[in-house]
Structure formats: C-alpha cells, structure tokens
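If you count the sequence shown from 1, you need to add 706 to reach the numbering used here.
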Amino acid sequence: MTRSAYDGPALFSYGFRPFFLVATAYALGVVPVWLLIWRGSIPLNGHLAPVSWHVHEMLFGYGAAVVAGFLFTAVPNWTGRMPTRGWPLMTLLALWIFGRLACAGVLGLPPTAVMGVDVAFLAAVAAMVTREIVAGRNWRNLKVLVPVTLLMGANAMHHVEAMQYGTAPYAERAGIATLVFLITLIGGRITPSFTRNWLARTGSPGRPAPFGIFDAVSLIVGAGALVLWTITPQTQVTGIALAVAAGLHLLRLLRWLGIFTLGSPLLTMLHISYAFIPLGLAAASLAAFGLAEQATPSHLLGIGAIGGMTLAVMMRATLGHTGRELVSGPILNLAFVAIAGAALARIAGSSDVFPGIDGIHLAAALWTLGFGMALRRLLPWLVQPRVQPRRPSRAPGRA
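Here is the structure:
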C-alpha cells in the first residue's frame, strides 16, 4: 500500500474511527431515548411509529454505521490502495447524521424526503466502495456489495412500508436477515481464521475446520431460510428450513473449536456472538409453528448476534488498527457480557421465564451499560493518533 502524508484530525484518518465512534455513541443513547418515547415522556415527530423507529435506527442507523466502518477499513487491505480519509469521510458522516435527524423528525421533512436523505448514506458507501474495489482491480471482493445493496433496499422498503401501513415488519425482518447473512459471511471467515492463529500461537490442540463444502451449504441453506422468514415467517416450510439452518450453523460453530479460546476473551466474544445465530434461527423455527413469540428470534438475532458481533468486531479492529495489543481487558469484557445479557433478558422478560422481571427495561439497562463501558474505552483510542510501537534500544557500543 502506497503511503502518503495525512495531517488532518486522527478521527478522520481511517474509516473505522468516525463510524465506530458514532455507532457506539448512538447505540448508547438511542435506546434510552426510545424508552422515553415508548413511555410517552417525549414525542417522536417523524412519520415512523415509535417501535418502527426503534427497529429502524438499530438496523439502518447503528448497523449501517458499523458496516461502513468495517468496509472502509477492510477495502484498503483488499485493494492495496490508500484508505478513504479526510473530507470524504466527513461528508459520509454528515450524511449519516442527517439521516438520523430526518428519521427522528427533527428536520421537518416529508416522508419521501426523509427516505431520500436516509438511503443516501448507504448509496454513497456502496458507490465509494465500488470505486475503490474497481480502481484496485480487486474483482472478487465486489460480492461484498450484495449485502450492502440489500441493506440499502431494506432501508428504502422500511420507509415505503411504514408510509403505507404504519408498520414495517417485512422490511424489519429483511434488515435483520441481511445483517445476519453478512455475519455468516464475514464473521464466518474471521472467527475461525483468528481462532486458528491464536491456537497455533498458544500451542493448543486442534485447529478449526477450514472453509469447505459444509460451510457453503450452511450459507446457502441459511440464506434461503432467512428469505423465507422475511417473506412468510409463520409457515411450516419456513419452520422446517429454519430448523435445518439452525442445526447447520450450530455444527459450523462447533467445528471452530471455540471452547479452546477461553484464554482470549476478545476471541471468545466472536464465538458467543455467532452462537446467537443458531439460537435465533431455532427460535424463529419455533415461532413458525406457534411455539414461541414472533419477537423472540428478532431479539436473539438483533441484540445477541448483530449487537454482540458488531461490538466484538469494533473492539478488535480498534485495538489492532490503533497499534494496541489485542487484549480486551475487564471493562470491554464486561461490556460484551452486558450485551449478551441484554439479549437473554429481553426474551426472558417477554416470555415470562422469570416472572416479575421487566424484560424491556432490564434489557435496555444492560444494553446501555454495555455500550457506555465500550464508549469509555474506545473513545480515546478512536480520536487519538495510532500508537507507535517502541523500538528496542541499541546495545551499548553499537552504532
């Protein structure tokens, strides 16, 4: 990669910095705000109903910011080109912020204009990623544009569906399905890869199974089951497909030997987050047969899989790309535990597993606590320049 001088703010020196920062801060603040809106304490002036706005912002606000941060960090490694930095990142960040304000009704725009402002962010991300991949002639990674385009389409669909029907359940499931599929693709690559490297370095027994036919079948079946869940969530065919997909992805996870990663919490987080995918698919299967609430799989996949995996990836990428050791430490470990706990608390409260527990408020508290702790640790690393490794001192008498 050709290096060139950059003397602007460190925050805009690499794509992960601004978008991981706003994603973490937004995740911290948006859930308490939604609780106040849901309780009627403050108004929501936009065209989206409170629950629809909440789901929309978690998927297409928080989720889209993390996806952008990841892509603008990964693409330079794929292409060998300089990372996007400076004014282009500032412009993208401004688009994302305007989208959040528009969806909250702060800008006073009509619904169609809100949709245009909101969708513009992912459209710009897709265009810039395409330009970099084409310029670097890295054709094989053009496939990453498929989930980005699907996410953008689900976002537009959410606005249209909400304008016509008041709620947007199809678009919400489409958004969850797209992000989950992205995790099975990318998380399904980095988790066994990082695990293999760590096990080799520590001399631990065994190695994760390499990517092969079983993984390809798991991805195809999982994608098909997610499509069925998006379109027809309560049919027997969907329930069977989801059950098969859950079993395949559970076996896929077990083949990665996560049990041997307990000495590296930052790595174990990836395995735990992925485990919420077969859990969520199994819950969706039960819901298709009327044996579980329809909201249960959405929360397992949305909070546990998407929330957990994105937080774990942001932690790891921030540590690695700012020159720090890949050690999470107690605060980040507790932050992740809080997010995983939020997923379990949300479904336990809604299904009366623990009578007397208000699952919504407990889950919101744990989610807010988790991202609060994460922001406390990540903020200084994201806004300060990269740490330069210390050079060993020269031995006495050596030139």
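Think of the CB as a built atom: it goes at the ideal place given N, C-alpha and C, for glycine as much as any other residue.
| query | result |
| --- | --- |
| Could you give the DSSP three-state label for Thr807: helix, strand or coil? | According to the sequence displayed, residue 807 carries Leu and not Thr. Note: Leu807 maps to helix in three-state DSSP. |
| With DSSP as the reference, label Ser747 as helix, strand or coil. | coil |
| Would you say Arg1022 and Leu1006 are within 8 Å of each other, going by their C-beta atoms? | no |
| Apply the 10 Å Cβ neighbour rule to Asn861 and answer buried if 16 or more other Cβ atoms are within range, or exposed otherwise. | buried |
| What's the C-alpha gap between Glu763 and Leu1025? | 26 Å |
| Pick from Pro816, Trp845, Asp1064, Gly945: whose alpha carbon is nearest that of Val927? | Gly945 |
| Looking at C-alpha atoms only, which residue of Leu717, Leu742, Ile803, Leu750 is the closest neighbour of Tyr732? | Ile803 |
| Mark Leu1072 as exposed unless 16 or more other C-beta atoms lie within 10 angstroms of its C-beta, in which case mark it buried. | buried |
| Return the chain-ordered list of same chain residues with a C-beta closer than 8 Å to the C-beta of Val757, the five sequence neighbours on each side being excluded. | Trp744, Thr873 |
| Return the Cβ separation of Ile1045 and Leu1017 in integer angstroms, given the expectation that the two are a contact with Cβ distance under 8 Å. | 6 Å |
| If you scan the segment 845-924 from start to end, which runs of the alpha helix (DSSP H) of 4 or more residues do you find wholly inside it? | 851-871, 875-888, 894-908 |
| How many Å lie between Pro1091 and Gly969 at the Cα? | 29 Å |
| Is Gly881 near Leu1068, with beta carbons less than 8 Å apart? | no |
| Taking Arg961 as the reference, which of Pro916, Leu992, Gly996, Pro971 has the closest Cα? | Pro916 |
| Let's test the definition: count the other Cβ atoms within 10 Å of the Cβ of Ser991 and tell me whether it reaches 16, buried, or not, exposed. | buried |
| For Thr1074, which of Gly814, Val737, Thr967, Thr1002 has the nearest alpha-carbon? | Val737 |
| Assuming the contact rule is C-beta atoms closer than 8 Å, Tyr720 and His1027 should be a hit. Round their C-beta distance to whole Å, please. | 6 Å |
| Roughly how many whole angstroms lie between the Cα atoms of Met858 and Pro911? | 43 Å |
| In terms of residues, what are the limits of the alpha helix (DSSP H) holding Ala716? | No alpha helix (DSSP H) holds Ala716; DSSP gives it neither H nor E. |
| Take the Cβ of Thr797 as the centre, count every other Cβ of all protein chains shown within 10 Å, and call the residue buried at 16 or more, exposed below. | exposed |
| So, is Thr908 buried or exposed, given that buried needs 16 or more other C-beta atoms within 10 angstroms? | exposed |
| I think Ile1066 touches Gly1076, with their Cβ atoms under 8 Å apart; what is that distance to the nearest whole Å? | The pair is not a contact, with the Cβ atoms about 16 Å apart (cut-off 8 Å). |
| Check each candidate in Leu742, Val812, Leu948 and name the one with the smallest Cα separation from Val933. | Leu948 |
| How would you label Leu959, buried or exposed, when you count the other beta carbons within 10 angstroms and need 16 or more for buried? | buried |
| When you compare only the Cα positions, how much space is there between Val840 and Ala833? | 11 Å |
| Hey, out of Gly1029, Ile1037, Ile1053, whose CA is closest to Gly1010's CA? | Ile1053 |
| Tell me which same chain residues have a C-beta within less than 8 Å of the C-beta of Ile889, skipping the five on either side of it? | Ser979, Tyr980, Ile983, Ala1011, Ile1012, Met1015 |
| Measure the Cβ-Cβ separation of Asp824 and His865 and say whether it is below 8 Å. | yes |
| Kindly list the residues whose CB is nearer than 7 Å to the CB of Asp1064, restricted to its own chain and excluding five residues on each side of it in sequence; keep chain order. | Gly1055 |
| Helix, strand or coil for His753? Go by DSSP, reduced to three states. | coil |
| Using beta carbons (cut-off 8 Å, strictly below), is Ser1034 in contact with chain B? | The chain inventory of the structure shown lacks chain B, comprising one protein chain alone. |
| Which same chain residues, not among the five before or five after Val831, have their C-beta less than 6 Å away from its C-beta? | Ala774 |
| Just to confirm before moving on: does the CB-CB distance between Gly1078 and Leu734 stay below 8 Å? | yes |
| In angstroms with no decimal places, state the Cα-to-Cα distance between Thr897 and Gly814. | 43 Å |
| Excluding the five sequence neighbours on either side, which residues of its own chain have a C-beta within less than 8 Å of the C-beta of Val1127, listed in chain order? | Summary: the structure shown does not reach residue 1127, with the chain confined to residues 707 through 1105, and so no result is reported for it. |
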